[in-house]
Each structure stands twice: as C-alpha cells, then as structure tokens.
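When we follow our numbering, the leftmost residue of the sequence shown carries the number 13, and every step to the right adds one.
Note that beta-carbon positions come from the ideal geometry of N, C-alpha and C, so glycine has one too.
Shown next, in structure tokens, is the structure this report addresses.
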Amino acid sequence: MHHRILLLAVLLALLASTRATAATYDYAPSEDPNRALRMVVPDGSGTLRGVLFWGNGAGGDSRAVAEDPELVALAEAHGFCVVATSRWGNFSDPREYALFVASLRALAQQSGHPEIENGIWAPLGHSNGGQMSYALANLASARVVAFATSKGGYYNDRRPPAAALATPGLLVAGEVDTFARVSAIRDLFVGNRPSGALWAWVEEEGRGHEEGDSAELIRPFMDEMLHTRYPSGGDTTSGVPSLRPVASTEGWLVEPTSYRRGWAEISDYAAYSGDRRQAGWLPSKRLAYVFRAFASYGKATAEVALSAPESRVAPSGSRLGYRIGALAGNWTSVDFYDGSTLLGSHRRTEPGELSIATTATGPRYVVFHAVVNYADGSHRTTMPRRVFVTAPPAAPVAAPKLSWSSYDGHVCLLHWEAAEGATSYRIERAESEGGPWIVVGTTADTQFDEPALLSEISFRYRVIATANGRDIVASDEIAVRAPVLRTTRSRLTNLSARARVGRGDDTLIVGFIHQGGDKRVLLRAVGPTLTSYGLLDAHPDPRLRLMNNERVEELGNDDWSESADADSLAATAASVNAFALRRPSRDAAAVTTLRGLSSAHTILVEGGSDEGVALAEVYDADPTGPSRLINVSARASVGVDSGELIVGVILAGTDSATLLFRAAGPALRAFGVSGVLANPILSLHDATRELWRVSGSWSAQPNASQLRIAAAQLGASAFEEGSTDSALMATLNPGAYTLVVSGDGRSGGVVLVEAHAMR
13 MHHRILLLAV LLALLASTRA TAATYDYAPS EDPNRALRMV VPDGSGTLRG
63 VLFWGNGAGG DSRAVAEDPE LVALAEAHGF CVVATSRWGN FSDPREYALF
113 VASLRALAQQ SGHPEIENGI WAPLGHSNGG QMSYALANLA SARVVAFATS
163 KGGYYNDRRP PAAALATPGL LVAGEVDTFA RVSAIRDLFV GNRPSGALWA
213 WVEEEGRGHE EGDSAELIRP FMDEMLHTRY PSGGDTTSGV PSLRPVASTE
263 GWLVEPTSYR RGWAEISDYA AYSGDRRQAG WLPSKRLAYV FRAFASYGKA
313 TAEVALSAPE SRVAPSGSRL GYRIGALAGN WTSVDFYDGS TLLGSHRRTE
363 PGELSIATTA TGPRYVVFHA VVNYADGSHR TTMPRRVFVT APPAAPVAAP
413 KLSWSSYDGH VCLLHWEAAE GATSYRIERA ESEGGPWIVV GTTADTQFDE
463 PALLSEISFR YRVIATANGR DIVASDEIAV RAPVLRTTRS RLTNLSARAR
513 VGRGDDTLIV GFIHQGGDKR VLLRAVGPTL TSYGLLDAHP DPRLRLMNNE
563 RVEELGNDDW SESADADSLA ATAASVNAFA LRRPSRDAAA VTTLRGLSSA
613 HTILVEGGSD EGVALAEVYD ADPTGPSRLI NVSARASVGV DSGELIVGVI
663 LAGTDSATLL FRAAGPALRA FGVSGVLANP ILSLHDATRE LWRVSGSWSA
713 QPNASQLRIA AAQLGASAFE EGSTDSALMA TLNPGAYTLV VSGDGRSGGV
763 VLVEAHAMR
C-alpha cells in the first residue's frame, strides 16, 4: 500500500467526502452569476475518471445538453460525468479560465465527486463551444484527450504551444458560413499542421453556421480518442492521470482539399505519397473512413435513414440498420460500412432496397455509411449516421467478504477478498446503520488502513468494487468499534535539508509525505541568503522543482523575488516563522496546496552551472488543519572531510512524539545506486547539544528489534542484517532538532537520510 505511515487523529468531517449518484448539479460563481455549469453523473458511477464537456454557443445557455442521453451514455462508458455550460466565453481572458476552473472545483465538491478536480477533459461544443474546446486544449493540454471546433470563428491562441499541437483535433467549418469563420478555422490548420499538429480540417458541404451533421464525425472521434489515450484505470483521487501520447506515424492522412472533388483521399501514414506536413491527420483507419464519408462533397444521395432509437443510444445486442435512397448514374454496387469494417455489399443486379443491418455490441459507436461504386471507376459516399451502443450487462460478481482487525493496537485494518474484474475499491463509512455513507478512500489493494477512527466510537463500513469508474458489486456492511487510539497533539511543522549542490546532476533531493487531506505548504530552496548567517560557500542561484509521486513536475521556481506573488510568499514565510529571504535574491520559493488524503512529493534543488551549499525547506502553511507532514527524506553526496548532510525538523504542539531516524548508505545499492556512503554516522542534536550519535551496524544496537518493527510498520525499506546503515528512534519533546549525517573520514558517497513520525 502507498504511504503506510498513518495519521491517527483526523477530524471525520474534514477527511471524508459525500457520494451522490444519478443526479444533476447546478453551479454559478458568485463573482459572475450569469456564467453557470450543470453536471450530470450517470447512474452507478463510482470514482469518476474525467469530464465530458459541452460548451455553450456565444452568449447561449447549453446546460440542458448535459442531460442528452447520448452524451450521458458516452460519459458512462468511460467513467466520466457530463458538464455543460451557460454564457461562458472562449477563455481568451485568463481570468475567465481561472473562474471556470474554480467553478468546476466547486461543482466537484458540491456533487460529492472531488476527484473530478483531477479528471481528464473531453471538450465538445458548437460555435463558441468549439472555441472553448480549442482553448482548453491550449490551456490544459496535459489533461485534454482531444478537441473539436465546430464552426466558430474566434480563437484565443492561433499558434499554440507544442503540447497543444500534440493533442489530436478536428477542425470543422461550414462551407457557406461567413468568410471570417471559415478563414479562421482554415488558418488554424494551415498555420499549425506543418509544425506537427495532429489535426484534420474540413468544410461541411452546404452548411453555414448551424451544427449540421458534424456530430456524426465529432462524437465518434472523441470516443475513439478516449479509448486510445485513456483506455482504462487512471487514479483521479491522487492527481491528474497521464494520457497516452500519440505518435504521428500511428495515424492516417487525408489530402487536405480532395474532399471538394467528391472523394477524400486517405491512406495510412507510411503509404501517403504527398507532403505529410500539409495533409490532415486522423488517429486511425476507422476514423479516416468516417471522415471520408462525412467530408466528401457530392454525396451519392441525400436520403439516408437509420433504424435505431431516436436518442442515438442502443443497448448492446441491438439490431441496427442503415438504408439509403435511390441512386442516379451508372452505379454498379454499394458497399456498406461500420467505420472501416465492411458489413456487406449490394450489386445493382440484386433486388431489394439498399440497406444493411447488424447486431452490435458495445460500448462503442456504430457509424454506418455507404460507398457507391460507378462503372467509370469513381466513387461517392453517403452521409454517415452514428449510434452509441452501450456495454452489455455485466455478469453477476460475487460480493467481496469484508472483515477488520486492529493493526498494532491503534487503527482499523479493513481487508476483503478480491472481486472478479475489479480495478479498484472504494471504502465507505457510516456513523449509523443506513448511512449516510461517506467515502474515506480508494485503493487497488484488498486492504485499507483507516486513519481517522476516534476512540470508542462505532462505525459501519462497506467496500464497493469498481471497474474503470463503474460500480460492479458491494460488500456486506460490517460494524467496527474503534480500539483506543494513542493520539498526539504535536506535529511536524517544518522539514529541511542542507547539503552541497553541484553542477549538472549533483542535485539535493528531498522527499516528504503529507497525510489527512489537502495540505498548504511553503517550499524554499535557499542559497544566497545563507551568506547572511555566516555560510561563505552558499550556492549563488539554486532552482526549486516539485515533483509528484509519478515524477511529473507540479511547479518550479527560480529567483523568488521576481515572482508576481513575491509579497504573498514573504507574508506566508513570516506567518510560519521562517527566516526572511533577502530581497532581491536568487533564492527560490513557492506556495502550493498538496491535494488528496495522502501523497508523496519530491523537491529537487538544482545548481545549474554553479555549486555550493543549499537549504531545501518544507513548511506547514496550515498548521492548525487536519492534515500533517509525517515524513522527510533527503539524498545527497557526503564528502570525506566535509559536506555533511543536515536535516532539520521542528516538532510543534504540547505532547512528546516518537520519531524514527535512519541513514541509508549500503542499503541504496539494492536500488541501483552506486558510490554509496559506506559507513554513515548519524547524530541528533537539539538547540544546545548532541543528544545521540550512532555508527556501525544498526542491527548491533540494543533496540534493533524495535527499529526493525518500526520500519516495517511505516512501510520503510528494510535494512539488511549486519549492514552498516544507521538508525535510531527517539521520543522528543516539542522543539527544533537537527540530524547530521557524515562519513567516517575515509570515504565519501551518496546517502539517504530519513525522519519518520511514529503513530
């Protein structure tokens, strides 16, 4: 399990989030009530994986579209919700985009689905709604699976960054729309496709500014991109999931003007004989066939009929049909397709109507169209028609058997049997029989440590097995009476590490863990200001980077005093009693909020082309909140005669607390680290004196068994018996403490020092 170090006294109301399903939610920001959002969560949704957006037309109210059965079914198939908007612009004003994100966050909390703050976005919409789709791909490309314009005319960044160019897109204009709108969409394609944009462009024949038949292409395109870039899984409870990147060579290409000649010329990437940088890009053969059917001018017939529910949603196993009207000209045969799959052919000499039927299974789009073949070797298409086919009913799954036990006498360890087909489990708690149920966590494991139980209080628990965001089965409920918990009113409020930072890869790496809910922190990488405290070889210009547990950079800073929020940073530092940074200076600092019940982060303090001593710091900027900092680790090189690694912790509160300190040298070899510190010496100091000093084998210490058990309970990697790694455990009163790790004077090397707060 992730982060086995558990916080033992967290307020229940602040830890949990309520769960609601099959409901509609409306929200309008108080700053501008004319702008609004509506969210629909499909029945039976578990942890949501993302948001399917429908953007409003200019000045319009499109909130009712959130209840469109087709969009709801599409969202349900991917574990998404639907959000539709009213009277939003195209985000050309950064303040409007910030308000939109804040409104979505508020709607997430209101709905009981806070995880959608981290969800993937699939934006659609007509006119201004298409402009919103394009803007979101530019502003948040890391979380936008694809975008589609639909006959809009005003785009906020016509030459977007490279990340946005790598987001697949459809640019759909209307042939007889205004010159300005058509030119605007064409310019997006012509100006960006040579730079590698994974986009295709088309003008829908005979259409002006109405939506027309563009949904026959755009909606199946978005469904395919969701399958391709975000096929399953994706834990939105701990951060924004990563989308699968798409290589241009995976796609199909279309000659950009051939559709006007009546037959859009398509081919796979390798076989394309023209200039690939000018050709439209499509993600697959299936979408290329649908694009050809939609885009090609001069349809063989305008009469097409679909045998399917009016909602365009059909259950799996439905018999669906497609029929075309009478054909003119010397045609010889008609080929019927679902996407690029040939369903059947009808020769002119055969009797009967020109139609096809198929039994479809989902979840996916069936996209019918026909290719009419003529005696002269030419071809014409018919307009495609789409039907979304839902997933077949799931086979009954045996309910997981749920039980619990006391873990080390302090917390409740829930454990259950795996449910067939489950990809994750949602743990819910109620204070009395019948609920209301609140969500206390999600996991892919089959056990869960409950960190928030209070002494002598009874609760009811259940576990919901989910598969890709859909609930599949629930366990029986069980009653749990909390064991007496050892709680502490003290907490770690400051974590720091000081070491020498060199050029290139010689980086100070500091890891830390928070637990119990969102945590606001102040992060600093201090160099130049250290000279004010008598340190002559301080680093002249350290850079700070914050990485999440998946090694994705969340923020960075270099030269804090040049930041737009420098005044706020200084005020936050003063509020947590951090020493003031010089101003101006080339120290680095940032304030951020760590999201989730628990998360691990890493600070990288880099030196660039300079070297010197730097100090990395993490301050609890919300020391009265329910969440806490519970662990710090630092990795750096320690020299033969100097270059100690120094880690500081501040314990605030009224109670004593037990901490485990470790210095790993030889143990790092198991993780592929070479050049380790062979014999790390670890000493602990308070403000006036050295309290403990340990060296030699940790397992030779009198309390070796306690050290071993403590590390196992915390989930720390085990030291080998007899190794020269160092460890000590101490019960400390509130105050400031310093942990110093040095070598034995004979050799230097890489060392990892850890400080863990025990329960």
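Item	Value
Where residue 33 sits in the DSSP three-state scheme	With a pLDDT of 36 at residue 33, under the threshold of 50, the predicted position of this residue should be treated as unreliable, though the coordinate-derived value follows. Coil.
Residue burial classification, residue 718 (beta-carbon count within 10 angstroms, cutoff 16)	exposed
CB of residue 622 within 8 Å of CB of residue 692, strictly	no
Residue 92 (DSSP reduced to helix, strand or coil)	strand
Residue 587, buried or exposed, once every other Cβ within 10 Å from all chains shown has been counted against 16	exposed
8 Å Cβ cutoff met for residue 731 and residue 767	no
Nearest-angstrom beta carbon gap, residue 709 and residue 729 [assumed within contact, 8 Å]	So it is not a contact: roughly 17 Å between Cβ atoms.
Residue of 128, 668, 177 and 346 minimising C-alpha distance to residue 779	A question about residue 779 goes unanswered here, because the residues of the chain that appear run from 13 up to 771.
Environment of residue 218 [buried if 16+ CB atoms lie within 10 Å]	exposed
Residues of its chain near residue 403, where Cβ-Cβ distance is below 8 Å and the 5 sequence neighbours each way are ignored	89, 328, 374 and 375
Entirely enclosed beta strand (DSSP E) segments - the segment 688-761, minimum 3 residues	693-697, 702-706, 738-744 and 747-754
Length at least 4, wholly inside the segment 398-439: the alpha helix (DSSP H) runs in chain order	none
Which of helix, strand or coil DSSP assigns to residue 678	helix
Residue 306 - containing alpha helix (DSSP H), residue span	297-307
Residue range of the alpha helix (DSSP H) that includes residue 122	106-123
Selection from 686, 61 and 713 that minimises the alpha carbon distance to residue 241	61
Cβ neighbours of residue 346 in the same chain (closer than 6 Å, five flanking residues each side left out)	358, 366, 382 and 384
Residue 350: first and last residue of the uninterrupted beta strand (DSSP E) it sits in	343-350
Integer-rounded CB distance, given that residue 649 should sit under 8 Å from residue 761	7 Å
Other residues of its chain near residue 153: CB distance less than 6 Å, five sequence neighbours each side excluded	175, 176 and 179
Helix, strand or coil at residue 391 [DSSP, three-state]	strand
Coarse secondary structure for residue 201, derived from DSSP in three states	helix
Contact check, residue 96 vs residue 74, beta carbons under 8 Å	yes
Within 8 Å, strictly: CB atoms of residue 41 and residue 111	yes
Residues bridged to residue 135 (per DSSP)	65
CB of residue 189 within 8 Å of CB of residue 138, strictly	no
Residue 572 - DSSP class collapsed to helix/strand/coil	helix
Per DSSP, cross-strand counterpart(s) of residue 141	Per DSSP, none; premise fails for residue 141.
3-residue-minimum beta strand (DSSP E) runs that sit fully inside the segment 144-175, ordered along the chain	159-162
Candidates 720, 546 and 556, of which the one nearest residue 534 by Cα	556
Contact check, residue 763 vs residue 675, beta carbons under 8 Å	yes
Burial state of residue 76 (16 or more Cβ within 10 Å)	exposed
Residue range of the unbroken alpha helix (DSSP H) whose run includes residue 241	227-241
Distance, residue 106 Cα to residue 511 Cα	40 Å
Integer Cβ distance of residue 489 from residue 472, believed to fall under 8 Å	5 Å
Per-residue DSSP class, three states only, for residue 261	helix
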